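Asker: Residue numbers are given in full-length UniProt numbering: position 136 of the sequence shown equals residue 136, and the series is strictly consecutive. Virtual Cβ for every residue (Gly too), placed ideally from N, Cα, C. Keep in mind it's a predicted model, so treat the numbers as computed, not measured.
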Amino acid sequence: MPCQVDAAVPEPNPHWVNSSATHSWFIVFQFHIYFFATCFGCIGIYALVSIVDHGRRVFKKRFFLAINFLLIFFAVVRTAFLIYDPYESGNGLQRFGNDTHLLPVTTRVLHGLGYPCLTSAFTLIFLAIINCVKVKAVSKKVQHPALIISIITLHFAIVISADTTVAFCGGYKDLLIVCQSFFIIWGAVICVSYLICGYRILSFTKCSHKVLAVQSATVSTSTSSTTAGIMPNSSYVRLRKKSSIAPKSTAVCTSVKKITRITMYSAILGMCCVIMNIYSLFGIYGVLAPPHFPAPWPWLMYQSLFRIVELGMAVVMAYTTNRPSKNGTLSSKTTAIRTADWKV
1 MPCQVDAAVP EPNPHWVNSS ATHSWFIVFQ FHIYFFATCF GCIGIYALVS IVDHGRRVFK
61 KRFFLAINFL LIFFAVVRTA FLIYDPYESG NGLQRFGNDT HLLPVTTRVL HGLGYPCLTS
121 AFTLIFLAII NCVKVKAVSK KVQHPALIIS IITLHFAIVI SADTTVAFCG GYKDLLIVCQ
181 SFFIIWGAVI CVSYLICGYR ILSFTKCSHK VLAVQSATVS TSTSSTTAGI MPNSSYVRLR
241 KKSSIAPKST AVCTSVKKIT RITMYSAILG MCCVIMNIYS LFGIYGVLAP PHFPAPWPWL
301 MYQSLFRIVE LGMAVVMAYT TNRPSKNGTL SSKTTAIRTA DWKV
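As structure tokens, then:
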């Protein structure tokens, strides 16, 4: 198939005929651009500060380092995409001063690189969680670092090659279908894995609470029968304090709650991202349908919802690797997730 340079854009922007309607829409569009660009920029700065705060210790925490670098890279490409040439709108909205000096291939690649960043980061977070809580959610063969790295590399390669080819040859829109299909399938696999992992963590937590309740009742009963009518001496009181299971159970519950929240948030946001990509493939853009311009306001609403989902996923990434306390030790909320330092 020869390269069709003048072929229709596979994912076109809205086409405006009424200039007055364009102006009212453009105000909302500008707010959309700079609001989300600011949010992504702030998250990227937060991740950078987290790395700087760790100093030399960061290089010993490969999981922490990998997630934060992916978060920084994702924030950079999204911020650059939204500021310099949002949605390749430089030519269509040039009369409003939204000029751009970027090549179309640069804009398209900047937008596409965000998706493998998300799947890569949440794959690493999932591996850290199952290694931390020792929950069997997927086969150990699937957890092998070589396989995970291969899938991540393949996803980046597909995105770069597909977006580059389509930018120069618009007729190859089938490559975008392959690219989006890969993201949908891999994203769905990750979401299902998160749901299975979350269900098993909740089941394990319920069983642990029952065991702790039985142990506490047993200790209380034995203490009452042993010390009935006898004043305990100071050594016995110190022994009881040391043998108390309450502080340990509280710390475990706090860590498990955080891991459970991360698992549930990741599954929900990931599923939303997959659904919106499916809608993009068959709905708003209709890549499989004849060339057409999407309706302006539904298009802007779709893009805003997608950026909200991406922003939520970035917040979950930042929450997963939040900074330690000022005294240099990890807080109880971060201990469990940080101990799962995935060795690559």
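What is the rounded straight-line gap between the Cα of Pro14 and the Cα of Ile284?
Answerer: So the alpha carbons of these two residues sit roughly 10 Å apart.
Asker: Among Ile275, Ile196 and Phe36, which has the Cα closest to the Cα of Pro86?
Answerer: For Pro86, the nearest C-alpha among the options comes from Phe36.
Asker: Can you tell me whether Asn322 is helix, strand or coil according to DSSP?
Answerer: Note: Asn322 maps to coil in three-state DSSP.
Asker: Measure the alpha-carbon distance for Phe182 versus His155 and round it to whole angstroms.
Answerer: Cα-Cα distance, rounded: 8 Å.
Asker: Would a C-beta distance cut-off of 8 Å place Ile184 and Ile278 closer than the cut-off?
Answerer: In this structure, Ile278 lies closer than 8 Å to Ile184 by Cβ.
Asker: Is it buried or exposed for Cys293, if we count other Cβ within 10 angstroms and need 16 for buried?
Answerer: According to the sequence as given, residue 293 is Phe; it is not Cys. Flag for Phe293 reads exposed.
Asker: Can you list, in chain order, the residues of its chain with a C-beta nearer than 7 Å to that of Val316? Leave out the 5 residues immediately preceding and following it.
Answerer: Closer than 7 Å at the Cβ level, and outside the excluded window around Val316, lie Ile262, Tyr265, Ser266 and Leu269.
Asker: Under DSSP, the alpha helix (DSSP H) around Val159 begins and ends at which residues?
Answerer: Pro145 to Phe168 is the extent of the alpha helix (DSSP H) around Val159.
Asker: Note down the Cα distance separating Glu11 from Ser304, rounded to an integer number of angstroms.
Answerer: Cα to Cα, Glu11 sits roughly 16 Å from Ser304.
Asker: Work out the CA separation of Thr165 and Val105 for me, nearest whole Å.
Answerer: For Val105 and Thr165, the distance between alpha carbons rounds to 8 Å.
Asker: When you compare the segment 185 to 202 with the segment 38 to 58, are there three or more beta-carbon pairs, one atom per stretch, that lie closer than 8 Å?
Answerer: Cβ pair count under 8 Å is below three, so no.
Asker: Between Leu124 and Ala188, which are expected to be in contact by the criterion C-beta below 8 Å, what is the C-beta distance as a whole number of angstroms?
Answerer: The Cβ separation is near 18 Å, so there is no contact.
Asker: So what's His15 in DSSP terms, helix, strand or just coil?
Answerer: His15 falls in the coil class under three-state DSSP.
Asker: To the nearest angstrom, report how far apart Tyr84 and Ile33 are at their CA atoms.
Answerer: One C-alpha to the other measures close to 10 Å.
Asker: Near Ile151, which residues of its chain fall below 8 Å by C-beta distance, leaving aside the five closest residues on each side in sequence?
Answerer: Answer for Ile151: Thr123 and Trp186, listed in chain order.
Asker: Write down the C-beta distance between Val133 and Ile259 rounded to the nearest angstrom, noting that I regard them as a contact closer than 8 Å.
Answerer: Correct: roughly 6 Å between the Cβ atoms.
Asker: Quick check on Met111: does DSSP put it in helix, strand or coil?
Answerer: Reading off the sequence shown, one finds His at residue 111, where the question assumed Met. Helix, per DSSP.
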